[in-house]
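Participant:
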Amino acid sequence: MPYVAIVDDEEPVRKALKRLLRASGLEAESYASGREFLDASVLREPDCVLLDLHMPRMSGLQVLRALKAAHRTLPVVVITAHDAPETRDQCLAAGATAYLRKPLEEHELIDTITAALGARTR
Amino acid sequence: MDSHSASSASATPGLTQWGWGSGPLAGWAAPALFVALGYYLAARVGFAFTLQPYPISTLWPPNALLLAALLLAPTRAWWWLLAAALPAHLLVQLESGVPVAMVLGWYVSNCSEALIGAGLVRAFVPWPLRLDSLRNAGIFLFCGAFVGPLLSSFLDAALVSLIGWGERGYWDLVATRIFSNTLAALTVAPLILTWASVDVSRLRAAPLARYAEGAVLFTGLLATCMVVFDLPQIDPHTAPALFYAPLPFLVWAALRFGPAGTAGAIAAVVVATIFGTVNGLGPFAGSTPQETALEMQLFLSAVAVPMLLLAVVLDERGRVELDAREQRMQLTHLSRVAMLGELSGGIAHELNQPLTAILSNAQAAQHLIANKSADPEILVEILRDIIAADQRAGEVIRRLRTLFKRGETQFQRLDANELVDEVLGIVHGDLMTRSVEVVPEFASALLMVHGDRVELEQVMLNLVINACDAMAGIAPEQRRLTIRTRSIEVEDGAVQISFGDCGTGFTPEQYAKLFEPFYTTKPRGLGLGLSISRAIIRAHHGRLWGSSIPGKGASFHMVLPALSTRGGSAVR
Numbered sequence: 349m350p351y352v353a354i355v356d357d358e359e360p361v362r363k364a365l366k367r368l369l370r371a372s373g374l375e376a377e378s379y380a381s382g383r384e385f386l387d388a389s390v391l392r393e394p395d396c397v398l399l400d401l402h403m404p405r406m407s408g409l410q411v412l413r414a415l416k417a418a419h420r421t422l423p424v425v426v427i428t429a430h431d432a433p434e435t436r437d438q439c440l441a442a443g444a445t446a447y448l449r450k451p452l453e454e455h456e457l458i459d460t461i462t463a464a465l466g467a468r469t470r
Numbered sequence: 051m052d053s054h055s056a057s058s059a060s061a062t063p064g065l066t067q068w069g070w071g072s073g074p075l076a077g078w079a080a081p082a083l084f085v086a087l088g089y090y091l092a093a094r095v096g097f098a099f100t101l102q103p104y105p106i107s108t109l110w111p112p113n114a115l116l117l118a119a120l121l122l123a124p125t126r127a128w129w130w131l132l133a134a135a136l137p138a139h140l141l142v143q144l145e146s147g148v149p150v151a152m153v154l155g156w157y158v159s160n161c162s163e164a165l166i167g168a169g170l171v172r173a174f175v176p177w178p179l180r181l182d183s184l185r186n187a188g189i190f191l192f193c194g195a196f197v198g199p200l201l202s203s204f205l206d207a208a209l210v211s212l213i214g215w216g217e218r219g220y221w222d223l224v225a226t227r228i229f230s231n232t233l234a235a236l237t238v239a240p241l242i243l244t245w246a247s248v249d250v251s252r253l254r255a256a257p258l259a260r261y262a263e264g265a266v267l268f269t270g271l272l273a274t275c276m277v278v279f280d281l282p283q284i285d286p287h288t289a290p291a292l293f294y295a296p297l298p299f300l301v302w303a304a305l306r307f308g309p310a311g312t313a314g315a316i317a318a319v320v321v322a323t324i325f326g327t328v329n330g331l332g333p334f335a336g337s338t339p340q341e342t343a344l345e346m347q348l349f350l351s352a353v354a355v356p357m358l359l360l361a362v363v364l365d366e367r368g369r370v371e372l373d374a375r376e377q378r379m380q381l382t383h384l385s386r387v388a389m390l391g392e393l394s395g396g397i398a399h400e401l402n403q404p405l406t407a408i409l410s411n412a413q414a415a416q417h418l419i420a421n422k423s424a425d426p427e428i429l430v431e432i433l434r435d436i437i438a439a440d441q442r443a444g445e446v447i448r449r450l451r452t453l454f455k456r457g458e459t460q461f462q463r464l465d466a467n468e469l470v471d472e473v474l475g476i477v478h479g480d481l482m483t484r485s486v487e488v489v490p491e492f493a494s495a496l497l498m499v500h501g502d503r504v505e506l507e508q509v510m511l512n513l514v515i516n517a518c519d520a521m522a523g524i525a526p527e528q529r530r531l532t533i534r535t536r537s538i539e540v541e542d543g544a545v546q547i548s549f550g551d552c553g554t555g556f557t558p559e560q561y562a563k564l565f566e567p568f569y570t571t572k573p574r575g576l577g578l579g580l581s582i583s584r585a586i587i588r589a590h591h592g593r594l595w596g597s598s599i600p601g602k603g604a605s606f607h608m609v610l611p612a613l614s615t616r617g618g619s620a621v622r
């Protein structure tokens, strides 16, 4: 079962996404901050990451850059409640696989994750 | 009724309720009836105010009533109103045994006074005339109360001489008529004009205290007038001083009850004075009837003109101030709405978060139910989370609605820490998307302040947004906004709220212009935020200022007087 890591500072969002992914047949774990995720991901690397963009202290963009700096090529789907065209470009440039706006449509989310997982297996 | 409602600019139910547009038969019947009845009663009053045994009326109100009626009516209805007065005129004059030719002659001269006055006024002021500006009042007094009576008095005296009624000379008649008609025009016409434009609904809505004040004023005025003008002849040496006795009441009326209240008060003084004089009482009695009438008329006219003008000027100024206040309120509201527009991205973020939680939870529940793997406890938990997220979204909207709303300033007891929390709730999305970290340094047990919640939140919101803008150019991890609250234990106490950023700061030259309207350093700013913020804080008897080390950041501080522990505000 593919393992998806959810990184979001908002507890209700984290909880809801974890429930949805698990109900959709994926294994999911959630992390409250970028730092927490980076530390945990060393021990167990996820197959895909759902990464919130706007988080205090360490933003999603900083997490992306940290992954890049560590030469880790994880498929990362950036999710954001605040959509701005320039951040989308920044994220994709920093190595994000996809960029989704909240609230997340289930089909779009699952399709994007599936596509990201497929890209990884190829 | 307050001093502004007497001549409300927008609503003039008294002028419009007659429905002048609906034609002579239906819409014009009521005004005609009013004029006929009013004319008859006014003539009876005029007769009652005659100095016996000589037939000299000290106050002749029918002409003034006609003048007021014409001024309230559109010009095309004038002939109708003048015609309506004819039956009343015939009835009242024929009752007193005057020859028909003289009766008709007086009808012509009475109508001429009203026509001259109303025609001249209409030439300068379009219908309907309202005594709500110094210009209008001045034109009315000059044309209606001076030129009209003056010119018609020549005609009146000429007709009397021509018909040969009475034994008095032409110039004697002219002089008598001028003052009698002028006094009536000064007293009766403003009374009708001002009360016709009183907004009845506002009058009804006035608090009981206003009615009580009006009652005290008019009782005091009448009692004073009766003592001064309606008692047997007083010592002639003290008489001049007594003339001033009603003055405080008239000034009171002008200050507090507008032109309508003042016109009422003047009418009361006039009636009380004439009543005493025609009964041989008060300071004017004792001379010949002509002298008595003239002295009294001059005195009353000299009182009426300045008092009426004073009331109109005060009313006009009050309205201008009210308009200015309304504009300030609109500007404050507009700037608040503009500021919320700047926050729209952050607000979308704040709403999208709970919406994400709601949607994902609901879809997860759908899966669980569809797969028949739903544990009721989990479903209950999911529903609980959905409700919580929904409530959070509702809270975002509630906060916004409060700020979007436009309303009167409402002062209440407030906790500054709570206000800052509320503001941080509103800007949470923006702080997050702009990577600004807030460092709250709140004093516990802060003194309470007295203020308008929405306006104070507007100021804080403005300072927070400015701080965020100032830090846009520095690295995200360095963007820190420190918000500090503290009680100041001096004199009656105060509360200081400071917003410190680590942005670019400002130079002393920039600071000199910072609070000026339309000064902005932002590409899309209106430049009103800080000037409105300072106006709001000043209205709260507080202070708003900034300090900065250029290149290191800026701090803005607001100090609000604390609510005194005795229950009231410490501010004076």
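Chains as they are written, first to last, in our numbering: chain A, 349 to 470; chain B, 51 to 622. In this text, a Cβ means the ideal position worked out from N, Cα and C, and glycines have one as well.
Measure the alpha-carbon distance for B/V150 versus B/L144 and round it to whole angstroms.
Facilitator: In the second sequence, the residue the question calls residue 150 of chain B occupies position 100. In the second sequence, the residue the question calls residue 144 of chain B occupies position 94. Taking the straight line from one Cα to the other gives about 7 Å.
Participant: Specify, as a first and last residue, the run of the beta strand (DSSP E) that B/G603 falls within.
Facilitator: Numbered from 1 along the second sequence, position 553 holds the residue referred to as residue 603 of chain B. Residues G603 to P611.
Participant: With 9 Å set as the bound, which would you pick, yes or no: does the beta-carbon of B/E392 sit closer than that to a beta-carbon of chain A?
Facilitator: Indexing the second sequence from 1 puts residue 392 of chain B at position 342. No, B/E392 does not count as interfacial toward chain A.
Participant: Grab the span of the alpha helix (DSSP H) containing A/Q410 for me, first residue to last.
Facilitator: What you label residue 410 of chain A is simply residue 62 of the first sequence in a count that begins at 1. Note, A/Q410: alpha helix (DSSP H), G408 to A417.
Participant: Whose C-beta lies closer than 8 Å to the C-beta of B/L576 among residues of the same chain, with five residues either side of it excluded?
Facilitator: As a first step, residue 576 of chain B is located in the second sequence; it is residue number 526 there, counting from the start. Excluding positions up to five away in sequence, the list reads S385, A388, F568 and T570.
Participant: Can you list, in chain order, the residues of its chain whose CB lies under 8 Å from that of B/V153, leaving out five sequence neighbours each side?
Facilitator: Here the question's residue 153 of chain B lines up with position 103 in the second sequence. So the list reads H139, L140, Q143 and L144, once near-sequence residues are dropped.
Participant: In the segment 135 to 189 of chain B, which residue ranges form an unbroken alpha helix (DSSP H) of at least 4 residues, counting only runs that do not cross its ends?
Facilitator: 150 to 174 and 184 to 189
Participant: Return yes when the Cβ of B/C552 is within less than 9 Å of the Cβ of B/R530, no when it is not.
Facilitator: Counting from one through the second sequence, the residue named residue 530 of chain B turns up at place 480. Counting from one through the second sequence, the residue named residue 552 of chain B turns up at place 502. Contact flag set, yes.
Participant: Tell whether a beta-carbon distance below 9 Å holds between B/L393 and B/A187.
Facilitator: Taking the first residue of the second sequence as 1, we reach residue 393 of chain B at position 343. Taking the first residue of the second sequence as 1, we reach residue 187 of chain B at position 137. Contact check for B/L393 against B/A187 fails: the beta carbons are separated by 9 Å or more.
Participant: Assuming B/F543 and B/A612 form a contact by the criterion Cβ under 8 Å, report the distance between their Cβ atoms to the nearest whole angstrom.
Facilitator: As a working note, residue 543 of chain B is residue 493 in the second sequence. As a working note, residue 612 of chain B is residue 562 in the second sequence. Per the sequence shown, residue 543 of chain B should be read as Gly rather than Phe. B/G543 to B/A612, Cβ: 4 Å. Contact.
Participant: In this structure, how does DSSP classify B/G311 when only helix, strand and coil are distinguished?
Facilitator: Indexing the second sequence from 1 puts residue 311 of chain B at position 261. DSSP places B/G311 in helix when its eight states are reduced to three.
Participant: Which two residues bound the contiguous beta strand (DSSP E) that contains B/G550?
Facilitator: As a position in the second sequence, residue 550 of chain B is number 500, starting the count at 1. Note, B/G550: beta strand (DSSP E), A544 to G550.
Participant: Rounding to the nearest angstrom, what Cα-Cα distance links B/R254 and B/P356 in this structure?
Facilitator: Walking along the second sequence from the start, residue 254 of chain B turns up at place 204. Walking along the second sequence from the start, residue 356 of chain B turns up at place 306. The straight-line gap separating the alpha-carbon atoms of B/R254 and B/P356 is approximately 29 Å.
Participant: Between the C-alpha atoms of A/A371 and A/Q438, what's the straight-line distance to the nearest angstrom?
Facilitator: The sequence position of residue 371 of chain A within the first sequence is 23, counting from 1. The sequence position of residue 438 of chain A within the first sequence is 90, counting from 1. Computed Cα separation, rounded: 32 Å.
Participant: Taking only beta-carbon atoms, is A/V426 less than 9 Å away from chain B?
Facilitator: The residue given as residue 426 of chain A occupies position 78 in the first sequence. Not an interface residue.
Participant: Do you know whose CA, among B/P178, B/H607 and B/T288, lies nearest B/S597's CA?
Facilitator: On the second sequence, residue 597 of chain B is found 547 positions in, with the first residue counted as 1. Among B/P178, B/H607 and B/T288, the Cα nearest to that of B/S597 is on B/H607.
Participant: Can you tell me which of the three DSSP states B/M395 falls into?
Facilitator: Locating residue 395 of chain B in the second sequence gives position 345, where the first residue counts as 1. First, the amino acid is wrong: residue 395 of chain B is Gly here, not Met. Looking at B/G395 - three-state DSSP - the assignment turns out to be helix.
Participant: Would you check if there are 3 or more beta carbon pairs closer than 8 Å linking the segment 368 to 382 of chain A to the segment 451 to 463 of chain B?
Facilitator: no
Participant: Can you tell me whether B/W646 is helix, strand or coil according to DSSP?
Facilitator: Since the displayed chain B opens at 51 and closes at 622, residue 646 of chain B lies outside it and no answer follows.
Participant: If you follow the alpha helix (DSSP H) that B/T244 is part of, which residue opens it and which one closes it?
Facilitator: Translated into the one-based positions of the second sequence, residue 244 of chain B becomes position 194. Segment Y220 to A246, the alpha helix (DSSP H) holding B/T244.
Participant: Entirely within the segment 403 to 476 of chain B and at least 4 residues each: give me those alpha helix (DSSP H) ranges in chain order.
Facilitator: 426 to 454
Participant: Taking the alpha-carbon positions, what's the B/S53 to B/A98 distance?
Facilitator: Here residue 53 of chain B refers to the residue found at position 3 of the second sequence. Here residue 98 of chain B refers to the residue found at position 48 of the second sequence. Legend: pLDDT at B/S53 = 38, less than 50; position of this residue unreliable, no value from coordinates given.
Participant: Report the residues of the segment 409 to 435 of chain A with a CB closer than 9 Å to any CB of chain B, ordered along the chain.
Facilitator: L409, Q410, I427, T428, A429, H430, D431, A432 and T435
Participant: Is B/R126 helix, strand or coil when you go by DSSP?
Facilitator: For the purposes of this step, residue 126 of chain B is taken as the residue at position 76 of the second sequence. B/R126 falls in the helix class under three-state DSSP.
Participant: With C-beta atoms as the reference, is B/L101 less than 9 Å away from B/T342?
Facilitator: Locating residue 101 of chain B in the second sequence gives position 51, counting from the first residue. Locating residue 342 of chain B in the second sequence gives position 292, counting from the first residue. It is a contact, given that the beta carbons lie within the stated cut-off.
Participant: Taking beta-carbon pairs under 7 Å, can you tell me which members of the segment 407 to 429 of chain B lie near chain A?
Facilitator: A407, L409, S410, N411, Q413, A414, H417 and L418
Participant: Determine the direct distance from the alpha carbon of B/L122 to that of B/Q546, and round the result to whole angstroms.
Facilitator: Within the second sequence, the letter at position 496 stands for residue 546 of chain B. Within the second sequence, the letter at position 72 stands for residue 122 of chain B. Roughly 57 Å separates the two Cα atoms.
Participant: How long is the line joining the alpha carbons of B/A256 and B/L200, rounded to whole angstroms?
Facilitator: Here residue 256 of chain B refers to the residue found at position 206 of the second sequence. Here residue 200 of chain B refers to the residue found at position 150 of the second sequence. One C-alpha to the other measures close to 40 Å.
Participant: What residues in the segment 469 to 483 of chain B have a beta carbon less than 8 Å from any beta carbon of chain A?
Facilitator: G479, M482 and T483
Participant: Pick from B/M510, B/L344, B/I476 and B/L271: whose alpha carbon is nearest that of B/A318?
Facilitator: For the purposes of this step, residue 318 of chain B is taken as the residue at position 268 of the second sequence. Of the listed residues, the one whose Cα sits closest to B/A318 is B/L271.
Participant: Which residues, in order along the segment 300 to 319 of chain B, keep a beta-carbon less than 9 Å from a beta-carbon of chain A?
Facilitator: none
Participant: Under the rule that 16 or more other beta-carbon atoms within 10 Å means buried, what is B/T338, buried or exposed?
Facilitator: As a working mapping, residue 338 of chain B is identified with position 288 in the second sequence. Classification of B/T338: exposed, given that the 10 Å Cβ count is below 16.
Participant: Could one say the Cβ of B/I432 lies closer than 9 Å to chain A's Cβ atoms, at least one of them?
Facilitator: Residue 432 of chain B sits at position 382 when you count from the first residue of the second sequence. It does: the Cβ of B/I432 has a partner Cβ on chain A nearer than 9 Å.
Participant: Can you give me the Cβ contacts of A/E456 inside the same chain, cut-off strictly under 8 Å, excluding the 5 residues immediately before and after it?
Facilitator: As a position in the first sequence, residue 456 of chain A is number 108, starting the count at 1. Exclusion of the five residues before and after A/E456 leaves L448 as the residues of its chain whose Cβ lies within less than 8 Å of its Cβ.
Participant: B/S537 lies in the beta strand (DSSP E); which residues open and close that run?
Facilitator: Here residue 537 of chain B is taken as the residue at index 487 of the second sequence, counted from 1. B/S537 -> beta strand (DSSP E) spans R530 to I538.
Participant: How is A/D395 classed by DSSP in three states: helix, strand or coil?
Facilitator: The residue labelled residue 395 of chain A in the question sits at position 47 within the first sequence. The answer is coil: DSSP assigns A/D395 none of H, G, I, E or B.
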